[in-house]
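Visitor: My questions will all concern the structure given below.
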Amino acid sequence: MAELLMRLPQGGGEAVDGPAIDLYVSTPPEQLNLVAQLLRDQGWERVRLFAVENRGRDLAPFLLQLLPSALRGGHEFFVKVHTKRSTHLVDGERWADHLTRSLLSTAAVRDCVEQLQRNPKLGLLAPAGTPKEVVL
Numbered sequence: 434m435a436e437l438l439m440r441l442p443q444g445g446g447e448a449v450d451g452p453a454i455d456l457y458v459s460t461p462p463e464q465l466n467l468v469a470q471l472l473r474d475q476g477w478e479r480v481r482l483f484a485v486e487n488r489g490r491d492l493a494p495f496l497l498q499l500l501p502s503a504l505r506g507g508h509e510f511f512v513k514v515h516t517k518r519s520t521h522l523v524d525g526e527r528w529a530d531h532l533t534r535s536l537l538s539t540a541a542v543r544d545c546v547e548q549l550q551r552n553p554k555l556g557l558l559a560p561a562g563t564p565k566e567v568v569l
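Note that the sequence shown covers residues 434 to 569 in this note's numbering.
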């Protein structure tokens, strides 16, 4: 978990021009304190942590806990990142680095916000090379 959190931008999103970034994180209950400390050490102040059992993929916690909380918080845009290791991927580390750069870098966040603001009907952006085509 620590190495995955280290991929996040340092300083709690301060590098991104515009409103402060809130971070919503789900983690197994036994890792809650560790995750909280790691994020504080990185400078993240606006964090909502959710203790969820580690069962399968993260869709249920996202739809039932994180997304409703983000919407109640007034967020119009958000980035969803699944950080659980995909052991079936041969080049998982490189893929994780690509996802981080594509979704969480200052330039990527700025570009995504601009695209979503210009195209109100656009509901989902994914990085290049995403293995499955998604059509909504």
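Every residue, glycine too, gets a C-beta built ideally from N, C-alpha and C.
In terms of residues, what are the limits of the alpha helix (DSSP H) holding S538?
Guide: Against the sequence shown, residue 538 aligns to sequence position 105. Counting along the chain, S538 falls outside any alpha helix (DSSP H), and DSSP gives it neither H nor E.
Visitor: Suppose the cutoff is 8 Å on Cβ atoms and the five residues either side in sequence are ignored; what does the same chain contact list for L558 look like?
Guide: Within the sequence shown, residue 558 is the residue found at index 125, counting from 1. The residues are C545, Q548, L549.
Visitor: Q470 to Q498, Cα distance in whole Å?
Guide: Locating residue 470 in the sequence shown gives position 37, counting from the first residue. Locating residue 498 in the sequence shown gives position 65, counting from the first residue. Going by the C-alpha atoms only, they are around 21 Å apart.
Visitor: Name the residue from R488, L536, R551 whose alpha carbon lies nearest to the alpha carbon of P560.
Guide: Here residue 560 is taken as the residue at index 127 of the sequence shown, counted from 1. Out of R488, L536, R551, L536 has the C-alpha closest to the C-alpha of P560.
Visitor: Under a Cβ-count criterion, where at least 16 other Cβ atoms within 10 Å of its own Cβ denotes burial, should P494 be classed as buried or exposed?
Guide: Along the sequence shown, read from residue 1 onward, the residue named residue 494 stands at position 61. It is buried - the Cβ of P494 has at least 16 other Cβ atoms within 10 Å.
Visitor: At the level of alpha carbons, what is the spacing between R551 and D524?
Guide: Residue 551 sits at position 118 when you count from the first residue of the sequence shown. Residue 524 sits at position 91 when you count from the first residue of the sequence shown. Spanning the two alpha carbons is a distance of roughly 34 Å.
Visitor: Nearest-angstrom Cα distance between T460 and G507?
Guide: As a first step, residue 460 must be located in the sequence shown, where it is residue number 27. As a first step, residue 507 must be located in the sequence shown, where it is residue number 74. When rounded, the distance between both Cα atoms is 23 Å.
Visitor: Whose CA, out of R534, R473, E478, Y457, lies closest to the CA of P501?
Guide: As a first step, residue 501 must be located in the sequence shown, where it is residue number 68. Nearest to P501 by C-alpha distance, out of R534, R473, E478, Y457, is Y457.
Visitor: Check each candidate in D455, R479, A484 and name the one with the smallest Cα separation from L467.
Guide: Residue mapping note: residue 467 aligns to position 34 of the sequence shown, counting from 1. For the residues D455, R479, A484, the minimum Cα distance to L467 belongs to A484.
Visitor: Using only CA atoms, which one of G556, E486, T539 lies nearest to I454?
Guide: Here residue 454 corresponds to residue number 21 of the sequence shown, with the count starting at 1. If we check each option's Cα against that of I454, T539 comes out closest.
Visitor: Which two residues bound the contiguous beta strand (DSSP E) that contains L467?
Guide: Numbered from 1 along the sequence shown, position 34 holds the residue referred to as residue 467. Taken as a continuous stretch (DSSP letters only), L467 belongs to no beta strand (DSSP E), being part of the alpha helix (DSSP H) at 465 to 474.
Visitor: Give the straight-line distance between the Cα atoms of W528 and L555, rounded to the nearest whole angstrom.
Guide: For this step, residue 528 is matched to residue 95 along the sequence shown. For this step, residue 555 is matched to residue 122 along the sequence shown. Those two C-alpha atoms are separated by around 25 Å.
Visitor: Just mark L496 as buried or exposed, buried being the case when its beta carbon has 16 or more other beta carbons within 10 Å.
Guide: Counting from one through the sequence shown, the residue named residue 496 turns up at place 63. So L496 counts as exposed.
Visitor: Would you report the Cα separation of F510 and E478, rounded to the nearest angstrom?
Guide: One-based indexing of the sequence shown puts residue 510 at position 77. One-based indexing of the sequence shown puts residue 478 at position 45. If I take the Cα positions, the gap works out to 19 Å.
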